[in-house]
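What follows is one structure encoded as structure tokens, with my remarks underneath.
There are 2 protein chains.
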Amino acid sequence: MKRLSLVALAASLASVQSEGLDIDAVNPKIVEAQYAVRGFILDRAREIEADLAQESHDWPFDEIVRCNIGNPQALGQAPPKFAREVLSNVVLPKTPRWGVSKQVRERADAYRAAIQGGVGAYSESQGITLIRKEVAKFISDRDGIAADPEAIFLTDGASAGVRHLTQLLVSGPQDGVLAPAPQYPLYSAMATMYDGTLGSYYLDESADWAAPVAEIAKAYDDVVARGATPKMLVIINPGNPTGASLPREALEAIVEFVASKPGLVLMADEVYQENVYGDAPAFISFKKVVHDLKSTIPVVSFHSVSKGFTGECGLRGGYFELTNVSEEVKEQLIKLASVSLCSNVLGQIAVGLMVNPPVDGRELKAYEDEKAAKLSSLERRANEVARALDALDGVSCVQPQGAMYLFPSITLPDAALAAAGAAGLAPDAFYALKLLESTGLVVVPGSGFGQKNGTWHFRTTFLPPEDQITAVTKRLAGFHDAFLASFKAPAGEL
Amino acid sequence: MKRLSLVALAASLASVQSEGLDIDAVNPKIVEAQYAVRGFILDRAREIEADLAQESHDWPFDEIVRCNIGNPQALGQAPPKFAREVLSNVVLPKTPRWGVSKQVRERADAYRAAIQGGVGAYSESQGITLIRKEVAKFISDRDGIAADPEAIFLTDGASAGVRHLTQLLVSGPQDGVLAPAPQYPLYSAMATMYDGTLGSYYLDESADWAAPVAEIAKAYDDVVARGATPKMLVIINPGNPTGASLPREALEAIVEFVASKPGLVLMADEVYQENVYGDAPAFISFKKVVHDLKSTIPVVSFHSVSKGFTGECGLRGGYFELTNVSEEVKEQLIKLASVSLCSNVLGQIAVGLMVNPPVDGRELKAYEDEKAAKLSSLERRANEVARALDALDGVSCVQPQGAMYLFPSITLPDAALAAAGAAGLAPDAFYALKLLESTGLVVVPGSGFGQKNGTWHFRTTFLPPEDQITAVTKRLAGFHDAFLASFKAPAGEL
């Protein structure tokens with residue numbers, strides 16, 4: 001009987017039309033969205049990596065070095081020691097009595113006790129109260145201004161917070177998003193996915209990648225001319241991919257601009273706040289500037305455990321803080337967070353450990369040494385790579401101020417432009433592809449971030465380990481010279 | 001100079017209009033969306049909890065018991081031992097040489113090595129390959145059908161996967177979502193937030209909460225009549241909040257229905273697949289049914305570490321598997337995942353540990369004992385609470401088959417309905433509020449899940465610890481009788 005009914009069913013199925021799920025069914029806004037940091041160059045790198053894993057291969061290098069993404073531990077940076085010891089213990093039902101220092105035990109016990117049921121239970125949707133208090137204390141110590149734990153949301157990395165805010169504010173083409181060009185493409189991808197109208201304001205490469213208010217105003221007007229009202233202004237400070245650390249005057253001018261546009265929310269991507277190098281302008285939070293100016297503009301500030309010196313990308317911990325946002329709006333954000341129940345609890349704890357490091361003793365000393373060593377190494381690497389790039393023929397690289405990236409401009413010979421066109425690629429994508437295929441280095445073409453028409457760039461991290469950075473830089477320089485030479489030669493072939 | 005310019009700026013700011021972010025700016029679809037599992041009853045519970053924390057209080061109970069949410073560890077369920085030992089070690093730079101069993105060390109080492117840079121690095125956006133292979137093996141062992149790691153995506157809990165699929169398929173009112181009533185309100189919230197047209201099909205309480213195809217067809221036609229085309233059919237099996245475990249014939253009928261509607265994707269919420277009790281129909285995956293019927297309908301199956309016997313809600317680990325979905329569509333899902341970089345790595349590892357438990361020795365024995373003890377305890381508690389509820393005057397509770405919930409129907413006296421109306425509440429919300437205020441028990445009103453007009457229900461978990469379940473049940477029964485009595489009495493007051 002069973003068999004018969006199955007046969008009958010199968011026969012009836014054969015006559016109907018369902019043939020699986022095809023691309024025609026997909027939300028066109030998802031198809032349209034682009035996210036270059038993990039785009040086709042990385043796909044190609046994966047293919048090459050598969051070749052490299054074979055016993056023999058024809059590539060002139062033996063490993064892929066991923067400078068496409070700010071993923072420090074993937075390139076050998078050690079995880080933060082104290083934080084990992086606490087995490088190792090907080091997942092146990094009890095912290096062991098032996099072999100664990102007092103400070104580690106106390107922190108692990110406190111976090112475990114801060115959620116009814118421990119780390120395996122859903123936390124409050126907005127995030128564990130104890131950790132939101134730790135974040136508030138960190139912010140108020142940083143800015144010298146009171147911070148409210150109820151204005152803080154813990155999220156799965158900063159990206160999830162940006163998604164929540166975009167979803168909250170953007171529901172169709174009438175809603176505009178202003179983002180820098182170049183920009184970390186999360187913002188353009190989100191604006192596209194949520195069907196908003198994207199306006200790009202150009203950063204000024206000739207002025208250390210400043211964010212000129214005149215450009216922001218032009219982008220604002222452009223969005224208005226296209227029939228939309230800008231609802232979010234994204235400022236990434238320190239900049240990604242530019243590394244610019246904005247001085248106070250620039251921040252004030254931006255706040256003043258936002259204040260003149262009721263309904264505009266300042267989205268302050270401040271995830272690189274620990275990554276400011278040399279004599280660049282020190283990091284100042286937008287919250288502090290808004291407070292000092294007695295402004296009432298709405299600000300959402302994002303932070304993350306993935307950057308700074310912790311580099312805990314895989315744990316997906318982050319937070320955002322709301323300033324000048326009404327209670328009713330906050331309730332909507334809590335509902336949004338509730339639908340996914342809560343952000344991952346271990347990522348939340350990683351946030352707590354980032355903002356509230358060891359307080360004294362041996363652990364504090366070790367923590368401070370670790371932090372200083374990692375940040376100064378990042379700075380040395382930034383300078384070395386920037387200097388080497390800037391020295392190349394046809395390459396110009398702004399002196400790095402912060403973050404984890406360099407965004408050099410490249411001038412390519414006409415023959416290279418023509419070859420790129422013939423390959424159906426933007427010139428910088430063509431360059432990045434050739435770089436990968438010649439050296440194993442993965443960088444992201446500038447076209448993935450936005451750039452002034454007719455200019456070409458790429459983004460590279462300076463995250464390879466310090467004892468390899470010179471070799472990496474040399475590989476890049478060697479490629480670059482050969483690339484130029486091949487396109488200057490009469491029968492130029494690479 | 002600086003001071004002067006600040007004063008001038010502050011003066012100019014005072015004349016403009018930005019006054020923070022208000023509710024008018026919010027996406028109306030976010031405002032419209034509802035998610036009752038963490039709704040006003042829980043807000044009230046938090047207020048009461050604050051009172052209970054005081055030295056003295058007037059409440060006739062001393063603790064809040066959260067039966068509103070499937071959060072087992074919050075109610076005392078122990079975390080899975082082996083999995084936590086591996087997690088405790090995988091966050092360390094190296095697994096210690098001593099004090100760790102061979103199996104724990106091998107698993108921790110394997111996971112650490114599976115991501116370049118370890119757990120602090122971003123993984124592949126789709127999820128760690130090793131773990132996707134573990135999931136594929138689990139599925140193929142379960143179903144006796146090959147599974148492809150490339151068809152599997154690791155996600156921050158099952159909820160994130162549901163969000164990705166909804167975002168992929170629903171972009172406006174032209175796109176329909178069919179979800180059960182009652183349903184876990186994630187689906188209606190997602191449909192609303194992504195601006196889709198929601199159609200509800202009614203489950204049949206008189207037939208163990210079956211999912212009749214006739215009702216699904218009616219909902220389909222209703223959505224079409226409203227000008228939309230249904231793109232997703234959500235089936236929750238075992239059911240939430242109903243607990244129903246669907247027999248093979250029911251699954252076949254649903255597959256046949258989907259096959260007759262090209263473009264319709266079967267969203268198979270199978271997160272309770274381990275939670276089937278007694279002589280209820282054993283869990284059968286939709287993938288297996290589709291395979292057995294030689295059907296080509298698109299299916300997305302969701303699973304999670306939050307349920308089953310692991311109950312690892314806080315770690316936010318989950319996956320979905322695609323069946324009959326084109327490569328192009330898969331690429332869009334990879335892009336969606338990429339924009340948030342990757343799901344949290346420790347949650348991914350928790351998925352690996354769920355699908356690939358210890359293989360032999362002492363650890364296997366301990367694991368099997370732990371699993372059997374937890375699942376049989378859940379079953380005993382389900383039966384005890386269901387029996388007690390069903391015995392109450394005016395309460396009818398379907399015999400539990402699976403999941404972690406009961407969804408009893410309650411018949412309320414007219415005077416109670418009137419009192420609810422006077423309080424501006426749905427009758428079951430009124431009932432749940434009074435229950436909370438009388439006993440400290442938190443349940444969710446049926447109106448938050450959808451129910452047939454004129455019927456009233458509530459959802460309760462049966463997760464309080466076994467040694468407390470009788471007391472909890474008695475509290476509930478005591479309240480219920482007093483509630484009814486108060487509304488039957490001439491001058492009925494509660």
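Top line first, the protein sequences correspond to chains L and H.
Heads up: the first sequence is residues 1 to 494, going by full-length UniProt numbering.
Heads up: the second sequence is residues 1 to 494, going by full-length UniProt numbering.
Every residue gets a Cβ at the ideal spot worked out from N, C-alpha and C, and that includes glycine.
Own chain residues within Cβ distance below 6 Å of residue i, not counting five before or after
i	result
L375 (chain H)	F309
D51 (chain L)	H57
E321 (chain L)	A151, I152 and S301
L212 (chain L)	Going by the sequence as given, residue 212 (chain L) is Pro instead of Leu. For P212 (chain L), where only same-chain residues beyond five positions count, the Cβ hits under 6 Å are D204.
G352 (chain H)	I131 and E134
E49 (chain H)	I64
F458 (chain L)	D428, A432, V443, P445 and G446
Residue j beta carbon less than 9 Å from that of residue i
i	j	result
A366 (chain L)	K102 (chain L)	no
D266 (chain H)	V255 (chain H)	Before going on, a small fix: residue 266 (chain H) reads as Leu here, not Asp. Yes, Cβ-Cβ distance for L266 (chain H) and V255 (chain H) is below 9 Å.
I115 (chain H)	A121 (chain H)	yes
A217 (chain H)	Y202 (chain H)	no
T155 (chain L)	M190 (chain L)	no
G317 (chain H)	S338 (chain H)	no
I23 (chain H)	V329 (chain L)	yes
A282 (chain L)	I235 (chain L)	no
M404 (chain L)	N275 (chain L)	yes
Nearest-angstrom Cα separation, counted from residue j out to residue i
i	j	result
D369 (chain L)	L378 (chain L)	14 Å
D414 (chain H)	G454 (chain H)	12 Å
Q273 (chain H)	W456 (chain H)	27 Å
F479 (chain L)	R112 (chain L)	52 Å
T296 (chain H)	D143 (chain H)	17 Å
R248 (chain L)	Q73 (chain L)	32 Å
Q183 (chain L)	I41 (chain L)	18 Å
A416 (chain H)	G239 (chain H)	29 Å
C67 (chain L)	E47 (chain L)	17 Å
S125 (chain H)	R381 (chain L)	27 Å
E55 (chain L)	F61 (chain L)	13 Å
Sequence-distant residues of the same chain with beta carbon closer than 7 Å to residue i, five excluded per side
i	result
A11 (chain H)	The predicted position of A11 (chain H) is uncertain, since its pLDDT is 49 and thus under 50; no value can be drawn from it.
K29 (chain H)	T192, M193 and D195
K452 (chain H)	Y202
A136 (chain H)	A147, D148, P149 and I152
V258 (chain L)	L233, L264, L266 and I297
G278 (chain H)	E379
DSSP bridge partner residues for residue i (one or two, in chain order)
i	result
T229 (chain L)	L:D175
Y405 (chain H)	H:T461
D204 (chain L)	L:A210
A268 (chain L)	L:I235 and L:S301
P445 (chain L)	L:F458
P180 (chain H)	H:Y201
Close Cβ partners of residue i (< 8 Å) along its chain, the five nearest in sequence each way excluded
i	result
T229 (chain L)	Q174, D175, G176, V223 and G263
T129 (chain L)	A114 and P149
L186 (chain L)	Y35, S159 and V162
Under 9 Å from the C-beta of residue i: neighbouring residues of chain H
i	result
L392 (chain L)	Per Cβ cutoff of 9 Å: no residues; L392 (chain L) is ~28 Å from chain H at best.
N453 (chain L)	By Cβ distance, chain H contributes nothing, its closest Cβ being about 26 Å from N453 (chain L), past 9 Å.
Chain-ordered chain H contacts of residue i [CB-CB under 7 Å]
i	result
residue 579 (chain L)	The displayed coordinates of chain L run from 1 to 494. Any statement about residue 579 (chain L) would go beyond what the structure contains.
S338 (chain L)	Y35 and R38
G161 (chain L)	Those do not exist, as G161 (chain L) stays about 10 Å from chain H at its closest Cβ, beyond 7 Å.
I284 (chain L)	The premise fails here: I284 (chain L) is roughly 13 Å from chain H at the closest Cβ pair, so nothing lies under 7 Å.
R84 (chain L)	V91 and L92
Amino acids of chain L, ordered along the chain, whose beta-carbon sits closer than 8 Å to that of residue i
i	result
L169 (chain H)	A25, V26 and N27
L315 (chain H)	V119, G120, N344, V345 and L346
E466 (chain H)	Within 8 Å Cβ-Cβ: nothing; E466 (chain H) doesn't reach chain L, min ~16 Å.
Chain L contact residues for residue i, given Cβ-Cβ distances below 7 Å
i	result
Y220 (chain H)	Here the premise fails: no neighbours, minimum Cβ distance about 14 Å.
K371 (chain H)	Neighbours of K371 (chain H) on chain L: none; closest Cβ ~15 Å, over 7 Å.
S326 (chain H)	G20, L21, D22 and I23
G263 (chain H)	A25
Amino acids of chain L, ordered along the chain, whose beta-carbon sits closer than 9 Å to that of residue i
i	result
S245 (chain H)	Here the premise fails: no neighbours, minimum Cβ distance about 19 Å.
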